[in-house]
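Residue numbers (our numbering): 1 to 782. Positions of the beta carbon are idealized from the N, C-alpha and C atoms, including for glycine. Have a look at the structure below, then the notes.
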């Protein structure tokens with residue numbers, strides 16, 4: 001009869017046999033792919049140790065301790081003292097080694113004759129414990145969250161300067177800087193912030209049984225006078241008292257969400273008439289996911305009769321056939337004078353025969369179309385001929401626009417033509433203006449200039465970030481500049497008058513593909529005169545996981561994919577696309593302190609695997625497979641290839657590359673140097689046991705104030721955070737009841753004189769953060 005201790009030793013032996021089989025089998029596969037020999041050798045040693053421990057032989061202990069010592073040497077040689085890189089390499093071997101040295105384990109061993117042996121020497125136990133403790137201390141000491149030396153601010157600003165009472169547009173103003181001159185909240189007092197009021201919209205997915213659309217509460221309120229205006233995921237417009245959060249009115253457009261995969265409304269627009277009008281001198285415009293533009297009285301929330309037909313116009317006329325969910329609007333219009341300029345989202349990857357990505361301007365008072373600009377017919381701005389429609393499949397513009405009223409220009413970030421991952425059939429005009437920033441005259445829609453960030457885009461690197469307009473001193477004069485962040489992590493600095501680069505841009509050779517029929521750009525533009533936020537190219541040693549087991553799986557996956565760094569094109573073999581589909585910088589864009597000329601960037605890192613599938617042989621189960629944040633299928637009808645994609649995650653759901661996966665950084669726009677950068681957010685709300693790995697994926701942007709404070713939610717954990725603009729030090733965080741995947745805003749109430757910071761906390765279902773319906777305001781205590 002075996003004692004409990006002997007049973008325990010046999011169980012450990014069986015466990016190591018299973019682990020060893022995984023490591024040896026996977027390790028052999030990895031070696032055949034040209035990868036590391038460690039896993040094969042470690043697997044064989046683990047198998048040997050497991051057999052010996054099952055037989056209760058002391059030699060099994062020594063074999064495993066020798067393996068652990070060799071593993072320490074290998075791990076340190078491969079990744080140094082990088083804490084999170086060492087965790088999967090050493091965590092399991094260290095735990096097993098320490099267990100084997102526990103006093104009661106020695107009593108379970110037998111010698112070759114079947115008698116109980118004496119323990120391993122005290123010196124061996126002590127050496128292993130000291131080695132483990134010393135190693136953990138060393139790697140903990142080597143772990144740093146701060147990733148750069150902090151530089152001082154270039155300009156001193158008094159915290160009690162001019163207070164900004166309003167936040168007129170999504171980005172604070174048409175410049176999109178997300179900057180407020182409010183200065184009551186400073187690094188010295190921000191830790192005292194508390195909830196001033198909280199409002200619940202009632203727009204929750206569970207309130208709509210049968211709803212199949214993903215909810216994203218990405219709205220940033222605007223503030224005009226003493227009223228906040230915002231929209232919910234179902235385009236319900238709500239007006240709140242800015243000081244108390246009490247509801248003043250709401251308007252429900254009762255959208256038809258049929259076929260719409262994502263319910264998103266990032267914000268509303270405000271227009272104020274400059275003369276006598278029949279109704280609604282102050283109005284709110286909301287664009288809906290069922291493609292309507294609706295005008296509401298800003299005072300009462302009732303429709304404006306003078307606008308379109310009973311206060312609304314359709315955004316689908318002259319588009320031809322539009323299947324449910326194939327074209328809709330998620331971003332607010334840009335208001336310049338009496339023109340409301342907006343584009344629309346066209347569903348990715350479906351077909352070559354998709355609705356046009358046309359950008360249109362409407363009279364904000366009457367709803368009459370003023371002009372239309374389409375990438376396929378850039379010189380034809382007037383009305384269409386009878387029976388004519390805008391060209392099918394042209395690049396769209398789904399995100400936020402910016403505008404310079406003095407120059408009379410509106411700046412349009414464009415997407416790539418559909419479908420996204422195969423482009424042999426695209427007309428030259430589609431390629432010319434895709435994945436670009438385009439400057440149009442507000443009065444006429446005439447093209448003034450364009451700048452392309454990706455040539456012949458095959459990666460879905462549409463320009464999702466709002467252009468940010470700043471005035472910069474360059475060579476002794478003040479130059480009107482435009483900052484264009486991109487999914488690739490490149491940030492382009494352009495003269496917004498004519499589009500020429502103010503910081504150097506180089507065309508560099510990029511990998512070429514071999515998909516039959518496809519064409520490839522030999523070069524791509526790199527913004528070498530500005531800091532790049534693209535992560536370094538991945539290697540096998542960068543592969544990660546919770547344990548050696550899923551780390552090995554990631555290494556094998558990495559070796560099976562085509563990967564030659566950035567711009568590795570889609571392939572039939574399967575390509576590792578880095579940056580991934582969601583990009584490094586997306587619709588959250590960047591924030592700029594206008595006084596200090598400091599840019600705040602939140603950057604993410606989540607590669608994607610992409611594989612083209614010949615259309616012949618695609619079965620119906622693949623065609624019908626539902627997409628998610630982690631994986632999906634794109635039919636790409638009209639081309640020879642469908643496409644499937646998958647986030648680069650381990651079998652346990654962790655990223656296959658080591659953290660950090662997200663960061664917050666500051667850039668001095670005068671010197672164009674990074675001042676500081678830190679991992680942003682943690683895995684607290686997603687990892688087992690609340691393990692807080694620092695630096696996670698984010699969706700949303702930052703706001704910055706004259707008081708010298710940066711506010712941002714956006715991350716996977718449920719916090720609104722405040723950072724010191726001068727150092728990047730986290731000064732405060734407020735726990736949110738749901739995910740804060742929205743850009744915060746700030747203002748000063750004229751009635752109370754207090755500065756408020758407001759964020760929508762409603763989560764992001766595709767990011768799997770907690771959904772909710774909260775709008776929360778923070779302020780300093782009285």
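I'd like to check one pair, residue j with residue i: are the Cβ atoms closer than 7 Å?
i: residue 556; j: residue 710; result: no
i: residue 65; j: residue 97; result: yes
i: residue 693; j: residue 659; result: yes
i: residue 318; j: residue 270; result: no
i: residue 234; j: residue 263; result: yes
i: residue 23; j: residue 8; result: no
i: residue 226; j: residue 751; result: yes
i: residue 453; j: residue 463; result: yes
i: residue 187; j: residue 731; result: yes
i: residue 719; j: residue 193; result: no
i: residue 67; j: residue 45; result: yes
i: residue 456; j: residue 524; result: no
i: residue 414; j: residue 436; result: yes
i: residue 50; j: residue 17; result: yes
i: residue 179; j: residue 704; result: yes
i: residue 296; j: residue 328; result: no
i: residue 770; j: residue 717; result: no
If residue i and residue j are in contact, beta carbons under 8 Å, what's the gap, nearest whole angstrom?
i: residue 547; j: residue 88; result: 6 Å
i: residue 589; j: residue 485; result: 6 Å
i: residue 763; j: residue 217; result: 6 Å
i: residue 648; j: residue 655; result: 7 Å
i: residue 533; j: residue 565; result: Not really, about 16 Å apart at Cβ, beyond 8 Å.
i: residue 347; j: residue 273; result: About 36 Å; that fails the 8 Å criterion.
i: residue 433; j: residue 395; result: 6 Å
i: residue 381; j: residue 445; result: 4 Å
i: residue 562; j: residue 571; result: 5 Å
i: residue 495; j: residue 515; result: Contact doesn't hold; Cβ gap of about 37 Å is too wide.
Could you please give me the residues that DSSP links to residue i through a beta bridge?
i: residue 344; result: 397
i: residue 745; result: 758
i: residue 552; result: The partner list for residue 552 (beta bridge, DSSP) is empty, contrary to what the question assumes.
i: residue 641; result: 614
i: residue 676; result: 666
i: residue 231; result: 237
i: residue 609; result: 576 and 646
i: residue 523; result: 509
i: residue 436; result: 452
i: residue 711; result: 703 and 722
i: residue 478; result: 473
i: residue 390; result: DSSP output for residue 390 lists no bridge partner at all.
i: residue 314; result: 292
i: residue 697; result: Partner(s): none; residue 697 has no beta bridge.
How would you call residue i, buried or exposed, if buried means at least 16 neighbouring beta carbons within 10 angstroms?
i: residue 673; result: exposed
i: residue 130; result: Note that residue 130 scores a pLDDT of 48, beneath 50, so its modelled location is shaky; the value from the coordinates is reported in the next line. Exposed is the call here.
i: residue 519; result: exposed
i: residue 140; result: Since pLDDT at residue 140 reaches only 48, below the 50 mark, its modelled position is unreliable, and the value read off the structure follows with that caveat. Counting Cβ neighbours within 10 Å, residue 140 comes out exposed, since fewer than 16 surround it.
i: residue 343; result: buried
i: residue 99; result: exposed
i: residue 1; result: exposed
i: residue 773; result: buried
i: residue 753; result: exposed
i: residue 37; result: exposed
i: residue 460; result: buried
i: residue 587; result: buried
i: residue 661; result: buried
i: residue 191; result: exposed
i: residue 723; result: buried
i: residue 498; result: exposed
Nearest chain D C-beta to residue i closer than 7 Å, yes or no?
i: residue 423; result: No chain D is part of this structure, which consists of one protein chain only.
**Asked** Does the region 463-475 touch the region 503-512, meaning 3 or more C-beta pairs lie closer than 8 Å?
**Response** no
**Request:** Would you check if the region 576-584 and the region 595-614 touch, i.e. whether three or more CB-CB distances between them fall below 8 Å?
**Result:** yes
**Request:** Give a yes or no on contact between the region 234-248 and the region 196-206, applying the rule of three or more CB pairs nearer than 8 Å.
**Result:** yes
**Message:** Counting beta carbon pairs with one atom in the region 168-178 and one in the region 400-407, are three or more of them shorter than 8 Å?
**Reply:** With a cut-off of 8 Å, the region 168-178 and the region 400-407 count as touching, because enough Cβ pairs lie within range.
**Contact the region 362-377 vs the region 328-343: 3+ CB pairs below 8 Å** = yes
**Asked** Quick one: any contact between the region 344-357 and the region 314-334, if contact means 3 or more CB pairs under 8 Å?
**Response** yes
**Prompt:** Taking one C-beta from the region 721-741 and one from the region 205-215 each time, how about it: are there three or more such pairs within less than 8 Å?
**Reply:** no
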